[in-house]
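Enquirer: Before I ask anything, here is the structure I am working with.
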Amino acid sequence: MAPKRDLWKDYRKQIVSSILPFTSFTIPKERYPCKPASYFTPMEQINLSTISLPSQEQHLLADLFLVYMGFQGNSIRFVKNRNTITWTVNPSSDPCLRTALYIEPCLPLAGSLIVMQHNIRTLCSDFSRGRVAFVVGNKAEDFFNSEVRSLIQKMRMRNRDMSLTLSEIATHLRRFCQTSKQLNEFLKIVITVAFIYLFRAKESMVSEIEEIERPLDSLALFSDVNKKNLVGGEILSLLVEQIRNCVSPTDRQMLQKFELICLEQYFEILFYWIYYGKIIDVGHDVRMSYVEVFKTIKFGILKTGKGHLSGAHFLKFQATANTDEAKSECFEDRFCVVKALCPLQLEPVCEDIVMCGIYLNVIEKIKEDTVDLNDEALNANKNLEEWRKKSVSSIMREVKKARFNASKDLVLYLRQQFNFHESLHDFMLLQRSDWANSFYELSQKMLTGSIRDISVKKLEILFEESVDCSSLRFNKYRSIFKPVIEKYDILTSLRLISNKGDEAEKLWSEASTVESKSGIEVLSMNIDVKPPLSIIFPPRILFYYTLFFRTFFYITSTINQVAGKQVRSNLLIEEKILLEEMLHFLNAYSLHCLMHVIPELWNVFADHLSKSENLEKILSLQDSFIADVVAQCLLPDAKFTDLLSNLVTAIRDFVTEKVKYEMSKTKWKVNLEKMYHLLSQPNVDISYSQLHSRIMEEAQVCRWKLSLTYHDIDIYADVLIL
């Protein structure tokens with residue numbers, strides 16, 4: 001399952017800390033002081049009462065310009081405690097001047113600017129927040145220095161020439177009051193805060209004061225980013241939501257400009273992943289992450305210790321078979337997908353982004369050729385700047401195009417080296433079943449006995465011997481297949497995949513343990529597919545191949561058991577008749593699947609497969625083939641699976657003499673009648689009528705053979721009487 005939100009963030013922080021030589025640096029206290037230094041002249045020794053009122057005002061104005069920029073003054077000093085500023089004004093100054101200093105555009109605004117500068121610098125020095133936040137923080141700082149600092153400097157120079165008053169200074173700076181006041185409400189200002197605030201302040205200098213003083217709608221953005229500690233793609237996702245909900249055209253424009261700055265950084269990281277399969281992302285801002293610390297986090301289907309899907313995970317598989325998490329399980333283990341880091345802007349191509357880089361990595365692994373992207377090679381790339389400036393829609397088109405090309409190249413390399421489909425066709429679908437017949441004969445005693453008497457190691461040896469004397473002895477993929485013992489028997493498994501929700505949960509609770517089953521009921525085949533083959537054969541595909549093998553091998557072994565039972569001489573005539581009916585039913589179902597459905601579907605599948613040029617098409621064809629086999633052999637009806645399980649159980653119970661003739665016959669007749677009724681009902685799915693006609697044909701053959709048998713018995717009886 002996907003990791004919890006706070007959990008992946010903790011792991012991300014560990015990864016970033018292990019990658020970066022240092023994640024933060026300390027700012028000298030002299031640059032952004034929080035309190036007056038010890039060497040400052042005590043304020044009591046500075047007596048302003050001896051100078052004129054205009055001179056006092058100019059003295060205080062000089063200090064005010066200093067505190068605007070975050071420095072301590074001679075007669076105006078402050079102590080910063082987190083986001084709170086405590087002021088001390090020289091008590092010897094005129095009371096009216098001291099009162100004027102405490103109006104909003106003077107010391108309150110200065111306090112806001114001091115807190116803002118401290119927090120911008122603090123966040124800019126925290127590299128663990130990632131590249132997106134860091135670069136925006138740098139731009140915010142540049143903007144602050146070029147706009148706000150320059151404005152204060154101009155006012156200082158103007159004051160030297162014209163001797164401004166506190167009232168005039170307040171008039172010029174009043175436009176900053178509202179936004180700076182809003183910023184001070186945050187416990188921790190995110191890097192983006194200063195940029196938006198200052199950008200808005202710059203444009204507001206030519207606006208009406210009433211418009212300037214209204215609250216910024218975009219401030220909600222900063223509060224959310226701050227409280228949730230958002231990073232990378234999360235910041236972009238929040239931005240797009242704020243832009244959609246923003247009612248102010250000016251705020252929307254500012255947010256869009258901010259979004260462009262973030263997207264440029266995000267696009268640059270994607271560039272190397274999309275075209276080179278490399279993650280140049282020490283801050284882990286994007287969706288793909290190297291999974292050195294994520295080893296304990298698994299997505300999608302759980303695996304057993306031996307790497308094969310066990311029956312205990314059927315429900316888990318059914319719940320996640322079509323999700324991104326399940327698909328990510330077929331990727332190389334060193335990649336981890338974090339959904340939250342994919343921004344909403346790129347949500348339509350999230351899967352394309354991930355798959356594109358994965359394909360490139362698989363190609364690189366097949367070719368055994370590693371592309372070294374050193375700094376010189378990266379800087380020399382002329383397409384990067386164009387890529388960074390593209391719009392979101394253009395990027396999405398480029399991503400889809402890049403995925404198609406990477407997929408096409410991957411298929412080309414896979415065709416040159418791999419032909420695993422035929423092996424699945426021969427081994428798992430029993431289309432070259434000579435090995436399966438030999439395997440059953442060699443392991444019959446073990447498989448028909450209790451599971452407690454089974455040795456998996458011995459089964460593997462017998463499997464190898466069976467393949468050695470079969471037409472598949474030279475198959476280069478034979479080592480991938482290994483016999484294993486599952487946790488649940490095949491009939492329970494069939495019921496589980498055909499039932500949904502509460503019914504499936506009920507089946508789990510009622511399922512008996514394997515100790516009471518025979519070996520043949522829990523026999524399975526593990527398919528140990530590793531990269532790069534795992535790209536084409538994800539777990540959901542291998543799961544169904546395993547299910548098909550278990551079903552067909554179980555039916556075939558049951559046919560052999562019935563045939564073996566028939567040759568006994570101590571059977572009554574009615575018992576032989578019942579066995580004959582059972583045998584023909586099993587033959588009908590086996591022929592329907594192995595001689596009609598699978599060969600016909602496989603021919604179509606193989607023909608399309610040979611013409612497919614990209615991986616997505618191959619995966620789609622596989623899904624269609626699997627779905628068609630399930631639909632035509634297992635039928636899209638839970639009742640059919642239940643009836644098939646009941647019929648096969650009745651056959652095995654009678655053959656193994658667990659149940660006497662009368663009870664077996666009753667159970668057989670009842671379920672067979674229900675099966676005929678189900679298959680004969682009008683249905684748009686032609687599979688029902690096809691299977692019904694084939695069962696009826698076999699039943700007709702059975703009746704014909706039985707009529708001959710009865711006729712011979714009657715003649716023989718007449719001869720004995722004479």
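For what it's worth, full-length UniProt numbering labels the leading residue of the sequence shown as 1, then goes sequentially. Quick reminder that beta carbons are idealized off the backbone N, C-alpha and C, glycines included.
Go ahead and pull the three-state DSSP assignment for asparagine 83.
Expert: coil
Enquirer: What's the C-alpha gap between valine 701 and valine 456?
Expert: 40 Å
Enquirer: Could you pull the DSSP bridge partners for leucine 523 from this structure?
Expert: Ile485
Enquirer: Taking the alpha-carbon positions, what's the phenylalanine 267 to arginine 403 distance?
Expert: 16 Å
Enquirer: Less than 8 Å between the C-beta atoms of valine 604 and phenylalanine 548, yes or no?
Expert: Contact check for valine 604 against phenylalanine 548 fails: the beta carbons are separated by 8 Å or more.
Enquirer: Could you check if aspartate 685 is buried or exposed, using at least 16 other CB atoms within 10 Å of its CB as the buried criterion?
Expert: exposed
Enquirer: Name the one or two DSSP bridge partners that serine 450 has.
Expert: Its beta-bridge partners are Ser518.
Enquirer: Anyone know if the C-beta pair for leucine 109 and leucine 164 falls short of 8 Å?
Expert: no
Enquirer: Below 8 Å, can you find three or more Cβ-Cβ pairs linking the stretch 528-540 to the stretch 355-367?
Expert: yes
Enquirer: What are the uninterrupted segments assigned as alpha helix (DSSP H) that are 4 or more residues long and contained completely in the stretch 44-72, given in chain order?
Expert: 53-68
Enquirer: If you follow the alpha helix (DSSP H) that glycine 232 is part of, which residue opens it and which one closes it?
Expert: 232-245
Enquirer: How about valine 362 and leucine 429: do their beta carbons lie closer than 8 Å?
Expert: no
Enquirer: From the DSSP output, in three-state form, read off phenylalanine 427 for me.
Expert: helix
Enquirer: Thinking tryptophan 435 and leucine 472 are a contact (beta carbons under 8 Å), I'd like their distance in whole angstroms, please.
Expert: 5 Å
Enquirer: At the level of alpha carbons, what is the spacing between cysteine 342 and cysteine 350?
Expert: 7 Å
Enquirer: With a 10 Å radius around its C-beta and 16 neighbouring C-beta atoms as the bar for buried, classify asparagine 614 as buried or exposed.
Expert: Around the C-beta of asparagine 614, 16 or more other C-beta atoms lie within 10 Å, and the residue is accordingly described as buried.
Enquirer: Taking one C-beta from the stretch 621-638 and one from the stretch 649-661 each time, how about it: are there three or more such pairs within less than 8 Å?
Expert: no
Enquirer: Could you spell out the range, first to last residue, of the alpha helix (DSSP H) harbouring glycine 357?
Expert: For glycine 357, the enclosing alpha helix (DSSP H) has its first and last residue at 350-367.
Enquirer: Is it the case that the Cβ atoms of valine 67 and isoleucine 103 are separated by a distance below 8 Å?
Expert: no
Enquirer: Pick from Gln72, Met446, Ile480: whose alpha carbon is nearest that of threonine 41?
Expert: Gln72
Enquirer: State yes or no: is the C-beta of leucine 101 within less than 8 Å of the C-beta of leucine 53?
Expert: A distance of 8 Å or more separates the beta carbons of leucine 101 and leucine 53.
Enquirer: Could you check the C-alpha separation between glutamine 153 and aspartate 161 for me, to the nearest Å?
Expert: 13 Å
Enquirer: Take the Cβ of glutamine 265 as the centre, count every other Cβ of all protein chains shown within 10 Å, and call the residue buried at 16 or more, exposed below.
Expert: Burial call: buried.
Enquirer: Do you know whose CA, among Phe654, His677, Leu679, lies nearest lysine 667's CA?
Expert: Phe654
Enquirer: DSSP state of tyrosine 661, grouped into three classes?
Expert: helix
Enquirer: Going by DSSP, name the residue or residues bridged to isoleucine 76.
Expert: Val89
Enquirer: In the structure shown, what three-state DSSP assignment does valine 337 receive?
Expert: strand
Enquirer: Quick check: the Cα distance between methionine 43 and leucine 151, rounded to an integer number of angstroms?
Expert: 29 Å
Enquirer: Distance check for tryptophan 273 and valine 337, CA to CA, integer angstroms please.
Expert: 13 Å
Enquirer: Mind listing, in chain order, the continuous beta strand (DSSP E) runs of no fewer than 3 residues lying wholly within the stretch 575-628?
Expert: none
Enquirer: Between which residues of its own chain and valine 392 is the CB-CB distance below 6 Å, once the five residues before and five after are set aside?
Expert: Cβ-Cβ distances below 6 Å link valine 392 to Gln345 in the same chain, with the five nearest sequence neighbours on each side left out; the list follows chain order.
Enquirer: On the three-state DSSP scale, how would you describe glutamine 681?
Expert: coil
Enquirer: Quick check on the burial criterion: 16 or more other C-beta atoms within 10 angstroms. Buried or exposed for lysine 445?
Expert: exposed
Enquirer: For isoleucine 497, count the other beta carbons within 10 Å of its own beta carbon; 16 or more makes it buried, fewer makes it exposed. Which is it?
Expert: buried
Enquirer: Drop a sphere of 10 angstroms on the beta-carbon of glycine 70, count the other beta-carbons inside from all chains shown, and report buried for 16 or more, exposed for fewer.
Expert: Buried.
Enquirer: Going straight from the alpha carbon of residue 767 to that of tyrosine 39, what length do you get?
Expert: Residue 767 cannot be examined here, being either before or after the span of the chain that is shown, 1 to 722.
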